[in-house]
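Quick note, the sequences are listed as chains A and B, same order.
Here the first sequence stands for residues 9 to 300, where the numbers follow this note's numbering.
Here the second sequence stands for residues 90 to 379, where the numbers follow this note's numbering.
Don't be surprised by glycine CBs; every beta carbon is placed ideally from N, CA and C.
Only a predicted model underlies this, so the values are computations on that prediction, with no experimental measurement involved.
Written out below as structure tokens is the structure these notes cover.
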Amino acid sequence: MTSRIRLTSDDLMARLVLLPAIVITIVFVYGFILFTVYLSFTGSRILPIHTWVGFENYVRLFRLDHWYVALRNMGIFFVLYIGIATLLGLFLAILIDLHRFGERFFRPIFLYPMAISFIVTGTAWKWFLDPGIGLQHVVRMWGFTGFTFDWIKSSEMAIYTVVIAAIWQVSGFVMVIFLSGLRGIDHGTVESAVVDGAGYFQLYTKVIIPQLAGSFLSVFVILGHMAIKSYDLVIALTGGGPGRATALPSTFMYSYTFQRNQMGIGAASAVIMLLAIAVIIIPYIHSQVKEL
Amino acid sequence: MTIGGTVRMSRTGKAFIVVLMVLFAIYFLIPVYVMLVNSVKPLAEIRAGNMMALPATFSLDYWARAWATAQIGVQPTGLRPYFINSIVMVVPSVILSTLIGALAGFVLSQWPVKHSKLIFGLILFGAFIPFQTVLIPMARILGMLRISGTTRGLVLVHTVYGVAFTTLFFRNSYAGIPHELVQSAQVDGAHFWKILTHVILPNSAAVMTVSVIWQTTNIWNDFLFGASFGGSRGQPMQVALNNLVSSSTGVLEYNVHFAGAMMAALPTLIIYLVSGRYFVRGLMSGSVKG
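Written out as structure tokens, the structure is:
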């Protein structure tokens, strides 16, 4: 009897110390999201107001050129960023796993960009890709006077410089995920493939990579949500320009909400971003938590 | 076990692998090399010369300027006050978010609580949301609390949005502590806090390190919240760096920009060099179960 009473007070204490995390989540995550969703259905401009306008903000949003530029850029960025970073990260992981120097010397070098901020990365690449002083200038000084690389100044090509810098930063992270996948490979299958005389290419494409399905899923989910959230890097690298050539949904949201005083439309664009991420993340969290 | 240990590779093959890794290492190191060498070169040398070349004239002037006198916005204060802002912002946010996450992680993994999986899943979702969906209400709340534009406001923001990550770290780490340990302590008459301090805390050194390193890196590197809620006086280092680089009127002082970028990068780079192992663990927790 006494032990039951004691357990009850302990159970109370357990709920009490869990409370801060729960309250924070309810208020600052779900409460705030609901408020933003609500605002997206109001005529709010410079400040939140409560005039209900239904789906008008969404209709207006999808009629805006600026939003189309942002969506098109996100499409290009999402596909290239995830595709190239996945391939590069996988390749780096394979290299590191093949040589005893890999883990000790090269892994830290490939991964360090993840420790620095997008603003620093953006600043470094902004001047490195600047045709006046950066790569183009250097290669011309080496004697290739016709060399041109001015994507960062071009409305059409600037979005690809965002891809270049983003891949530089994230590939080491992808590598680490694949490395842990490679450590879980069934070595019996590798040995028997080697005994059967499989070459390296066959060994990887037929035996090893098919066993990395879980790692591919993790990489896709993590890169996918990072891509949709991308903001800082674009601000530091191109400022969203030239003009609005490198606008993304995140820069669109910020500019409409805080600079153009179109809060309703800004909120609607944030809701679209959330929906895109939810589609990727919710099934993933569900599958992971279910297994716990 | 590594694949390299299983597939006996020829010497030429191994040499080829090393050459490839060296080439990639150069690719990854170039941007920081460029920042470093050009942060100690006179402007004329950068413009006329080669960005990849070592400095002909070496000077730490540009570091001094970036630190103490460079124009940030309208004030010629250098980055120093903003560097201090960042420290004042990071330390309490890291401590608070780690504490809240440690307690929640303990209860969710070791205490029988109804719907603990659901609660964990709902908390975890907060780690992935695009922060654009919380900017507007957060601006309102900070205004109502009269802490918008202050470092205290940013401490609140970083604490609440760090909890999802720290809860994840601690829940997963504490799930590895055998239930029998907690149960036998209960049988011995230990209460909640005694179990926490005598059973759980001694097993927490690694996960504490992971949490502190992850939160420090993340909060130090944040830009969006700092730019939205830092105002002009409370802005952290990354926001000040971006102001330095993007709002220069007149001559673009690349060397000062690079010196400033190095200052913004060094704290987290040093943490990474000293304790990369824990940084990797934090990253891997991002894929929930690693």
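Contact under 8 Å by Cβ, residue i with residue j
i        : j        : result
B/Met227 : A/Phe40  : yes
A/Val242 : A/Val170 : yes
B/Thr298 : B/Tyr361 : no
B/Tyr343 : B/Ile135 : yes
A/Ala255 : A/His74  : yes
B/Ser383 : B/Phe258 : Nothing in the structure corresponds to residue 383 of chain B, since chain B is present only between 90 and 379.
A/Ser179 : A/Leu96  : yes
B/Ser336 : B/Gly162 : yes
B/Val121 : B/Leu143 : no
B/Ala353 : A/Ile127 : yes
B/Ala264 : B/Leu213 : no
A/Phe114 : B/Met110 : yes
B/Gln327 : A/Ser258 : no
A/Phe260 : A/Ser277 : yes
B/Gln199 : B/Ile106 : no
B/Thr91  : A/Asp105 : yes
A/Asp158 : A/Gln144 : yes
A/Phe36  : B/Val223 : yes
A/Pro116 : A/Met271 : no
B/Phe318 : B/Leu185 : no
B/Ala157 : B/Arg169 : yes
A/Thr129 : A/Ala275 : no
A/Gly142 : A/Trp150 : no
B/Gly349 : B/Trp303 : no
B/Phe217 : A/His294 : no
B/Pro356 : B/Tyr171 : no
B/Leu313 : A/Asp240 : yes
A/Ile216 : A/Val202 : no
Identified DSSP bridge partners for residue i
i        : result
B/Ile161 : B/Gln164
A/Trp60  : A/Thr50
Any C-beta of chain A under 8 Å from that of residue i
i        : result
B/Ile189 : yes
B/Asn174 : no
B/Lys425 : A question about residue 425 of chain B goes unanswered here, because the residues of chain B that appear run from 90 up to 379.
B/Thr95  : yes
B/Ile208 : yes
B/Ser335 : yes
B/Met141 : yes
B/Ala114 : yes
B/Trp200 : yes
B/Val180 : no
B/Val377 : Below a pLDDT of 50, predicted positions are generally treated as unreliable, and B/Val377, at 46, falls in that range; no measurement from the model is reported.
B/Met233 : no
B/Met124 : yes
B/Phe281 : yes
B/Leu372 : yes
Continuous alpha helix (DSSP H) stretch holding residue i: start and end
i        : result
A/Leu72  : Unbroken run through A/Leu72: none, as it is neither H nor E.
A/Gln177 : 166-190
B/His346 : 343-374
B/Phe312 : Counting along the chain, B/Phe312 falls outside any alpha helix (DSSP H), and DSSP gives it neither H nor E.
A/Pro257 : 257-262
A/Ile273 : 271-298
B/Ile230 : 224-233
B/Met326 : 326-335
B/Lys283 : 281-284
B/Tyr250 : 240-263
A/Pro116 : 115-119
B/Phe220 : Element bounds for B/Phe220: n/a, residue is neither H nor E.
B/Gly93  : 92-95
B/His268 : 268-276
C-beta neighbour in chain D for residue i, strict 8 Å
i        : result
A/Val279 : Note that chain D does not occur in the displayed structure, where the protein chains are A and B.
Minimum Cβ-Cβ distance from residue i to chain B less than 8 Å
i        : result
A/Leu137 : no
A/Ser258 : yes
A/His195 : yes
A/Ser125 : yes
A/Tyr239 : yes
A/Arg53  : no
A/Val242 : no
A/Ile141 : yes
A/Gly249 : no
A/Gly151 : no
Residue i Cβ short of 7 Å to the ligand MG heavy atom set
i       : result
A/Gly39 : Looking for the ligand MG in the displayed structure turns up nothing, as the structure carries no ligands at all.
Alpha helix (DSSP H) runs wholly inside the region 127-209 of chain B, at least 4 long, in chain order:
132-137, 150-157, 169-199
Extract the residue ranges of the alpha helix (DSSP H) inside the region 121-152 of chain A, only unbroken runs of 4 or more that lie entirely within it.
126-136, 143-149
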